[in-house]
Each structure stands twice: as C-alpha cells, then as structure tokens.
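In terms of my numbering, the sequence shown has 184 at position 181, counting the first letter as 1, and numbering is strictly consecutive. This report refers to the structure that appears directly beneath it.
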Amino acid sequence: MKVNAKTGFKPGVQTDAKAAAKAAGKTAVKAGGKGKVNKAWLHEHINDPYVKLAQKEGYRARAAYKLKEIDETFGLVKPGDCVVDLGSTPGAWSQYVRRKLSPAGAAAGTLNGRIIGLDLLPMEPIEGVTFIQGDFREAEVLQQLEDTLAGPDGQVQVDLVISDMAPNLSGIESADAARIAHLIELAVEFAQNRMKPDGTLVVKLFHGSGYDQLVKLFRDTFKVVKPLKPKASRPGSSETFLIGRGLKKRA
Ligand SMILES: C[S@@+](CC[C@H](N)C(=O)[O-])C[C@H]1O[C@@H](n2cnc3c(N)ncnc32)[C@H](O)[C@@H]1O
C-alpha cells in the first residue's frame, strides 16, 4: 500500500469505518462467531463530521480533534518540546503533535522536538515518532520508555505527557473504575518522575465512580488543574479530560 506523501500514512487503513469500529470495540459477535459491525454505531460514525474531517486532513482517528481543542485552549505543544503519548495507537494524537512540532505543520520532514508513542497494540509508523509497543503497567515497558528518553547527558525531562489510554471495559463498574484509575495513577507517577517542573499532563478519564479521587490526585500533584470535554468527544460519552500544569513540590 502506498504512503500518502502529504499525510505520511497509508490511506484507508485507520479511518476505514470497519477498522475504526473494530478498534473501538464496536463489533457484535454473531452466533457463528463472525464479527459484525454494530449498525447504529457505524451509521453515526460514517456521518460524524470529525470522522469526515479526519479523512480529509489525513488523521488516523477523529481523536486528533480532541487533542487539537485541548491544545488550542491551553497552548500545550510548543516548538522544541519532548512529548510522550501514552496509548498512542492508531496514532492520531502523535500525528497532531508531529505536525505541530514541524515548522511548516507538515506530516514529514523537519521536526523541532521529540515524540515517543507507547501502546499495547502495534502502530503504523509516523515519521519522527519513536514507538514502543508494550503495557504501560509493566516495569520493563516503563524501563524501555526511560531508556528511550535517556540522552547522552542523562535523563531527558519531558515537557508534555498526553494519555488517551483506556482499558478494555468489563462492564463491572467498580472493576472498570479501578483499571482506569490505575492507568491514570501510573501516568501521574511518570509525570512526577520524568516531567519538567513546569510540564503538563493530559489524561482521559470518565465521570462516575473514582472521578473525584482522580481530580483530588491531580490537585495534590499539579499547581493548576482544569477539566475539559472537547466538542469532538461524543456528547453521550462520560469521557472527559483533565489537564494538570506545573508540578507541586513533593512533601
Ligand atoms: C482511544 S485509544 C487511543 C487513540 C489515540 N490517542 C489516537 O489518537 O489515535 C486508547 C489506546 O490505549 C491503549 N492502552 C490501553 N491500556 C494500555 C496500557 N496498559 N498500556 C499501553 N496502552 C494501553 C489501547 O491499546 C488503545 O490503543
């Protein structure tokens, strides 16, 4: 398959509705065991303006517009930044950051900064983005990330950590809330250890059980904490984002 020179990715792969449905877990299993796309979701997906925009602008997922709005609201991505993208697959956030760090806003060529993506699942390469495949909860994977960040003069401190990580949900609320909280706590810990004092952490979380405790964790960790539900986040979804800026000194 040919790579699009303008967008730097293989066309039709990531924004394909069936592939997107599969990635979003929106498939129903037929009695015969063959996966069938959830029709209502597919209809909504095909008519979604952000899906159309993502296809037009060469983003792998509509999620790019969530990060775009967060960035435009809080001025997250700055030239020269070192950015860690947790839960990066299929790669729309990394693509957005990559373009933002390009002097010409391009998907390829000069990159003024560094981007490291990490995900359980594989990710199609993005020019200029270093990708680590693994589970962020595992010590060896975290070590791999630390090693990748290590520069000739020691550890490179990160300017921005963005986490869109979402676990597979079981439907059991307390178990799901605990899984979500665990990923966020690990992202906060990583930010405390590896982020510059004036750095920013963005995480995805969900309203409901555990939300208030996670906001408290953010307030205890960061000088400034803001919530934002971007327009591209589906209105019916309890998904929202927390933005933490400037690390508080640890007691
Ligand atoms: C909503 S998707 C991210 C979309 C991405 N931000 C983009 O713009 O393309 C959530 C991702 O989190 C990843 N994920 C979930 N748990 C993870 C874990 N423990 N370690 C690493 N990645 C994880 C999933 O594999 C999935 O690809």
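Beta carbons: idealized from backbone N, C-alpha and C, even for Gly.
Checklist entry - Roughly how many whole angstroms lie between the Cα atoms of Leu163 and Ala181? => result Against the sequence shown, residue 163 aligns to sequence position 160. Against the sequence shown, residue 181 aligns to sequence position 178. One C-alpha to the other measures close to 25 Å.
Checklist entry - How many whole angstroms separate the CB atoms of Leu79 and Thr203, which I take to be in contact at a CB cut-off of 8 Å? => result Taking the first residue of the sequence shown as position 1, residue 79 is located at position 76. Taking the first residue of the sequence shown as position 1, residue 203 is located at position 200. Yes, Leu79 and Thr203 are in contact; Cβ-Cβ is about 6 Å, under 8 Å.
Checklist entry - When the Cα of Asp84 is compared with those of Ala64, Ala57, Lys71 and Asn115, which residue comes out closest? => result The residue you call residue 84 lines up with position 81 of the sequence shown. Answer by Cα proximity: Asn115.
Checklist entry - DSSP three-state call for Lys103: helix, strand or coil? => result The sequence position of residue 103 within the sequence shown is 100, counting from 1. Looking at Lys103 - three-state DSSP - the assignment turns out to be helix.
Checklist entry - Ordered along the chain, which non-local residues of its own chain (more than five positions away) have a Cβ less than 8 Å from that of Gly211? => result Sequence index remark: in the sequence shown, residue 211 carries index 208 (1-based). Glu176, Ala180 and Ser241, listed in sequence order.
Checklist entry - Going by beta carbon distance, what residues of the same chain come within less than 7 Å of Lys5, once the five residues before and after it are set aside? => result As a position in the sequence shown, residue 5 is number 2, starting the count at 1. With a pLDDT of only 43 at Lys5, under 50, the local geometry of the prediction cannot be trusted, and the value read off the model is given with reservation. Excluding positions up to five away in sequence, the list is empty.
Item to check | Under 7 Å between C-beta atoms of Gly131 and Ser97 | outcome: Residue numbering aside, residue 131 sits at position 128 when the sequence shown is read from its first letter. Residue numbering aside, residue 97 sits at position 94 when the sequence shown is read from its first letter. In this structure, Ser97 does not lie closer than 7 Å to Gly131 by Cβ.
Item to check | Contact test: Leu123 Cβ vs ligand 1 heavy atom, cutoff 6 Å | outcome: Along the sequence shown, one-based indexing puts residue 123 at 120. Checking the Cβ of Leu123 against ligand 1 gives yes.
Checklist entry - Do Ala95 and Arg117 have their C-beta atoms within less than 7 Å of each other? => result If you number the sequence shown from 1, residue 95 lands on position 92. If you number the sequence shown from 1, residue 117 lands on position 114. No, the pair does not count as a contact, with Cβ atoms beyond the cut-off.
Checklist entry - Within 6 Å: the Cβ of Asp138 and any heavy atom of ligand 1? => result As a first step, residue 138 must be located in the sequence shown, where it is residue number 135. Flag set: Cβ of Asp138 near ligand 1.
Checklist entry - Short check: CB of Gly90 to CB of Asp122, under 7 Å? => result Residue 90 sits at position 87 when you count from the first residue of the sequence shown. Residue 122 sits at position 119 when you count from the first residue of the sequence shown. Yes, Cβ-Cβ distance for Gly90 and Asp122 is below 7 Å.
Checklist entry - The beta strand (DSSP E) with Val159 in it runs from where to where? => result In the sequence shown, the residue the question calls residue 159 occupies position 156. It is not in any beta strand (DSSP E) - Val159 carries neither H nor E in the DSSP assignment.
Next on the checklist: Give the list of continuous beta strand (DSSP E) stretches no shorter than 3 residues that lie fully inside the stretch 48-92.
Outcome noted: 85-89
Item to check | Glu72 beta carbon less than 7 Å from that of Pro238 | outcome: On the sequence shown, position 235 is the one that residue 238 refers to. On the sequence shown, position 69 is the one that residue 72 refers to. No; because the gap between Cβ atoms is not below 7 Å, this pair is not in contact.
Checklist entry - Quick one, are the C-beta atoms of Leu245 and Phe221 less than 7 Å apart? => result If you number the sequence shown from 1, residue 245 lands on position 242. If you number the sequence shown from 1, residue 221 lands on position 218. Against a cut-off of 7 Å, the Cβ pair of Phe221 and Leu245 comes out as a contact.
Item to check | Close-in-space but distant-in-sequence residues of the same chain around Glu60 (CB under 7 Å, 5 per side omitted) | outcome: As a first step, residue 60 is located in the sequence shown; it is residue number 57 there, counting from the start. The answer is none, since no qualifying residue turns up.
Checklist entry - Which residue comes first and which comes last in the alpha helix (DSSP H) that contains Leu121? => result Stepping through the sequence shown from its first residue, residue 121 is reached at position 118. Note, Leu121: premise wrong, no alpha helix (DSSP H); beta strand (DSSP E) at Arg117 to Asp122.
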